[in-house]
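Novice:
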Amino acid sequence: METILVERADSVVTITLNRPARKNAINDQMWDELLEVFEEVADRREDRVVVVTGAGGAFCSGADISDIDPSAAQAPSLVKMRHVADVALALHRIPKPTIAKVTGIAAGAGCNLALGCDLIVASEDARFSEIFPRRGLSVDFGGSFLLPRLIGLHRAKELAFFGDIISAKEANDLGLVNRVVPAADIDRVVDDWAQRLAAGPPLALSMTKTLLNHSFAVSMDQALEDEARTQTVNFFTADAMEAMAAFVEKREPHFRGQ
């Protein structure tokens, strides 16, 4: 990997966007590498939690458009934009919890990269922006899907139409993020969440994530049927048996994802 760092410890995978001189703007190489690592993590049983963050005090300033000439042949084509979409889908489809650890700016595709994670912890100095209209562009990297589901249609339109930069507090008030913490505490808070999730039941958490991701696309009848089927699977897993034994024995369960 040339543009990202991938570190693994105690079943937690930390993916760090590593172009600090460009505030971690995503170039073609980074799109490729993000797709590769998202797909790899999805398939690795030993990876239980993913943390996405940025190097050098910024999360991600969006796609790197510094070298793009819209009138030239290198302007993004539909094929290239579909490749970007593949990266967003790969993140969305990771069957395990994902956490965005946001410091500094998260703009454009970088903002939606954070919103595409299951949980967001932001430092007090974090800033968010659907900056696309300031660049003469429409929203991408899943923003049209994510924003209305997170904050409602009218507020989503306000962010996407104006491209204003909002503070971490404003993002928290809107419901865009889960927690805002002092910069000095963000590593501790994210590490705690990641460790708690890594210690949880992988199969059950994966199925819960799928149920919640599908919740806006199904009826109550279908949601209940899906819950019944997934819970039936859960009851016959070794993890469920371990949880019940741990409850009886008054100890913490040890989940193996079986």
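To convert, take the position in the sequence shown, counting from 1, and add 1204; that gives the numbering used here.
Virtual Cβ for every residue (Gly too), placed ideally from N, Cα, C.
#1: When DSSP labels each residue in this structure, what does GLU1243 get in the three-state scheme?
#2: Report the residue from ALA1213, VAL1253, CYS1321 and ILE1369 whose alpha carbon sits nearest the alpha carbon of LEU1416.
#3: Would the beta-carbon of ARG1338 fall within 8 Å of that of GLY1367?
#4: Alpha carbon to alpha carbon, how far is THR1218 from LEU1282?
#5: Closer than 8 Å, CB to CB, is ASP1377 near chain C or not?
#6: If you reduce the DSSP assignment to three classes, tell me which class THR1207 lands in.
#7: CA-CA distance, VAL1254 and GLU1453?
#8: Taking buried to mean at least 16 other C-beta atoms within 10 Å of its own C-beta, is ARG1286 buried or exposed?
#9: To the nearest angstrom, report how far apart THR1302 and GLY1347 are at their CA atoms.
#10: For the putative contact between ASP1290 and ALA1313, defined by C-beta atoms under 8 Å, what is the C-beta separation to the nearest angstrom?
#11: Beta-carbon within less than 7 Å of LEU1354's beta-carbon, same chain only, minus the 5 sequence neighbours each way: which residues are those?
#12: With DSSP run on the structure shown, which of helix, strand or coil describes ILE1324?
#13: Could you pull out every residue in the same chain whose Cβ sits closer than 7 Å to the Cβ of ALA1195, ignoring the five residues on either side in sequence?
#14: Quick test of your reading: LEU1221 and GLY1261, contact by CB under 8 Å. State the CB separation rounded to the nearest angstrom.
#15: Less than 8 Å separating the beta-carbons of PRO1405 and PHE1459?
#16: Could you give the C-beta distance for LYS1300 and ASP1251, rounded to a whole number, given that I count them as a contact under 8 Å?
#17: Shortest alpha-carbon distance to PHE1242 belongs to which of PHE1336, LEU1323, HIS1418 and ILE1298?
#18: Name the two residues that bound the continuous beta strand (DSSP E) containing THR1441.
#19: VAL1325: buried (16+ other C-beta within 10 angstroms of its C-beta) or exposed?
#20: Give the DSSP bridge partners of LEU1221, in chain order.
#21: Which of helix, strand or coil does DSSP assign to PHE1345?
Specialist: The relevant details are as follows:
#1: helix
#2: CYS1321
#3: yes
#4: 31 Å
#5: Considering every chain present, this structure includes no chain C. It has just one protein chain.
#6: The answer is coil: DSSP assigns THR1207 none of H, G, I, E or B.
#7: When rounded, the distance between both Cα atoms is 31 Å.
#8: Within a 10 Å sphere around the beta-carbon of ARG1286 sit fewer than 16 other beta-carbons, which makes this residue exposed.
#9: 17 Å
#10: No, ASP1290 and ALA1313 are not in contact; Cβ-Cβ is about 13 Å, not under 8 Å.
#11: Only LEU1319, GLY1379 and LEU1380 meet the Cβ criterion.
#12: strand
#13: Outside the modelled stretch of the chain, which goes from 1205 to 1462, sits residue 1195, for which no answer is possible.
#14: 12 Å between Cβ atoms; not a contact.
#15: yes
#16: 7 Å
#17: ILE1298
#18: Premise fails: THR1441 is in no beta strand (DSSP E) and is neither H nor E.
#19: buried
#20: ILE1208 and GLY1258
#21: coil
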